[in-house]
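First to last, the protein sequences are chains S and V.
In terms of numbering that gives the first Met the number 0, the first sequence is numbered consecutively and its last residue is 159.
In terms of numbering that gives the first Met the number 0, the second sequence is numbered consecutively and its last residue is 151.
Cβ coordinates follow ideal geometry from the N, Cα and C atoms, glycine included.
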Amino acid sequence: MFRYGFILAVAMAVFWLAMSGYFKPMLLILGVISVVMTLWMCARMKILDEETAPYLYVPLTLSYFIWLGKEIYKANIAVVRAVMSPEMKISPSMVRVPIAGKDDMSATMFANSITLTPGTVSIDIDEDSILVHALLSEMAVAEDFIEMGDRSGFAVGERS
Amino acid sequence: MILLSLISPELIMAGREAVTATSTMDIDWPMVGAWLRAALAASSILMGLFFVFAGTIGVLRLPDFYTRIHAAGMTDTLGAEMVLLGLMIQSGFTQTTLKLLMLSFFLLLTSPTATHAVAHAAHRAGLKPKLGDYRAKSIDEIRAKAAKRGAS
Chain S
0 MFRYGFILAV
10 AMAVFWLAMS
20 GYFKPMLLIL
30 GVISVVMTLW
40 MCARMKILDE
50 ETAPYLYVPL
60 TLSYFIWLGK
70 EIYKANIAVV
80 RAVMSPEMKI
90 SPSMVRVPIA
100 GKDDMSATMF
110 ANSITLTPGT
120 VSIDIDEDSI
130 LVHALLSEMA
140 VAEDFIEMGD
150 RSGFAVGERS
Chain V
0 MILLSLISPE
10 LIMAGREAVT
20 ATSTMDIDWP
30 MVGAWLRAAL
40 AASSILMGLF
50 FVFAGTIGVL
60 RLPDFYTRIH
70 AAGMTDTLGA
80 EMVLLGLMIQ
90 SGFTQTTLKL
100 LMLSFFLLLT
110 SPTATHAVAH
120 AAHRAGLKPK
130 LGDYRAKSID
140 EIRAKAAKRG
150 AS
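Laid out in structure tokens, this is it:
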């Protein structure tokens, strides 16, 4: 718990400095006060755990977003072509995608990635699968989501 | 050496003047850099605006709620991100770029959450999606239908 409190304090201090850009003593003291108050409130609410301070995985998450950006670009082109063509041939379909990861964090990341990719939206989540609505039927193949599921689980620090 | 001594001092002076003249006519590199950066930023922003435009057309053309969500999602992924990237290129290595970078990162987290919330609410409320192949009506079909309605 002290470990996550420390990580949260460092992350908040860095965030404060990056956002304000001022190094005057009075503003620094105000920053310290707000960091301490936030920490105290988090400790009081007993939420000082990995979910509150997931900042150790930020580099992994950023590298995952680079891969995801490529996927988003490809999907965007497909959706633009479908929408802008005069005939607009689309084939909306639903598919259930199994969740590979175990914890809530990786499931959230996976569902968010599916929604972030244009043409697929996660509609409903239960214990072990995600209901996905796809704009084109060729996007609604459950096997195509396996790589995304593995990578998103890895990006939030899940080791399989 | 003999050849060099043949060259008169006047000729050397003239040559030097020519060299300095060309070097003052040299390309203004900082200016070229600024133009290049402005062009990159502008093309990135225009690309973003294209995707926002395509998303708007999609929202207008697509048949039902669930398919329209896809077009709206396109607006806030590539559309907003490309505009932000263009602004980052324009502002260079400054604090503004850092803020824009964080903004684009948070946008990647919040926009799918909002999209999922809307779609999940529709699903829970019992809105049934239209499934199966769909094709937009051509103008001829619409005209024929209107003519039939007018005749009857």
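Could you give the residue range of the alpha helix (DSSP H) that holds residue i?
i: Arg2/S; result: 1–19
i: Val35/S; result: 24–43
i: Ile98/S; result: Here Ile98/S belongs to no alpha helix (DSSP H), and DSSP marks it neither H nor E.
i: Gly157/V; result: Beyond the ends of chain V as shown, which are 0 and 151, falls residue 157/V; an answer cannot be given.
i: Gly78/S; result: The sequence as given places Val at residue 78/S; Gly does not occur at that position. Val78/S -> alpha helix (DSSP H) spans 57–83.
i: Glu146/S; result: 145–154
i: Ala106/S; result: 103–115
Taking C-beta to C-beta, are residue i and residue j nearer than 8 angstroms?
i: Val58/V; j: Ala79/V; result: no
i: Met73/V; j: Phe50/V; result: yes
i: Arg134/V; j: Lys88/S; result: yes
i: Asp143/S; j: Ile98/S; result: no
i: Lys129/V; j: Asp63/V; result: yes
i: Ala53/V; j: Val82/S; result: yes
i: Val34/S; j: Ala17/S; result: no
i: Ala141/S; j: Arg95/S; result: yes
i: Gly152/S; j: Ser105/S; result: yes
i: Leu67/S; j: His69/V; result: no
i: Ser110/V; j: Asp75/V; result: yes
i: Val78/S; j: Thr114/V; result: no
i: Phe64/S; j: Leu107/V; result: yes
i: Tyr54/S; j: Ala10/S; result: yes
i: Met81/V; j: Gly47/V; result: yes
i: Ala40/V; j: Gln89/V; result: yes
Whole angstroms are fine: how far does the CA of residue j sit from the CA of residue i?
i: Ser159/S; j: Arg150/S; result: Note on Ser159/S: pLDDT 49, under 50, position unreliable in the model; the coordinate value appears next. Using only the alpha carbons, I get a separation of about 11 angstroms.
i: Ala38/V; j: Tyr72/S; result: 21 angstroms
i: Ser136/S; j: Asp132/V; result: 9 angstroms
i: Leu130/S; j: Lys127/V; result: 13 angstroms
i: Pro117/S; j: Met138/S; result: 10 angstroms
i: Thr107/S; j: Val31/V; result: 46 angstroms
i: Thr93/V; j: His132/S; result: 41 angstroms
i: Gly156/S; j: Glu146/S; result: 16 angstroms
i: Ala121/V; j: Thr114/S; result: 15 angstroms
i: Leu84/V; j: Val57/S; result: 20 angstroms
i: Ile138/V; j: Ser84/S; result: 14 angstroms
i: Ala124/V; j: Met25/S; result: 52 angstroms
i: Tyr3/S; j: Met36/S; result: 16 angstroms
i: Lys45/S; j: Ile124/S; result: 27 angstroms
i: Ser19/S; j: Pro91/S; result: 46 angstroms
i: Lys23/S; j: Trp15/S; result: 13 angstroms
i: Ala154/S; j: Ile141/V; result: 50 angstroms
i: Leu29/S; j: Tyr21/S; result: 12 angstroms
i: Leu35/V; j: Pro29/V; result: 10 angstroms
i: Leu97/V; j: Arg67/V; result: 33 angstroms
i: Met0/S; j: Trp39/S; result: 13 angstroms
i: Cys41/S; j: Phe5/S; result: 12 angstroms
i: Gly148/S; j: Asp103/S; result: 13 angstroms
i: Gly149/V; j: Ile76/S; result: 41 angstroms
i: Leu47/S; j: Leu45/V; result: 43 angstroms
i: Lys69/S; j: Leu77/V; result: 11 angstroms
i: Glu86/S; j: Thr112/V; result: 31 angstroms
i: Ala116/V; j: Ile26/V; result: 55 angstroms
i: Lys147/V; j: Ala74/S; result: 40 angstroms
i: Thr60/S; j: Val31/S; result: 28 angstroms
i: Met101/V; j: Gly91/V; result: 15 angstroms
By DSSP, does residue i sit in helix, in strand, or in coil?
i: Asp123/S; result: strand
i: Leu130/S; result: strand
i: Ile89/S; result: strand
i: His115/V; result: helix
Listing by chain order, which chain B residues have their CB less than 9 angstroms from the CB of residue i?
i: Ala17/S; result: Of the chains in the structure shown, none is chain B; the protein chains are S and V.
* **Continuous alpha helix (DSSP H) assignments of at least 4 residues falling wholly in the segment 40–110 of chain V** => Counting only runs of 4 or more, we get 64–73, 79–90.
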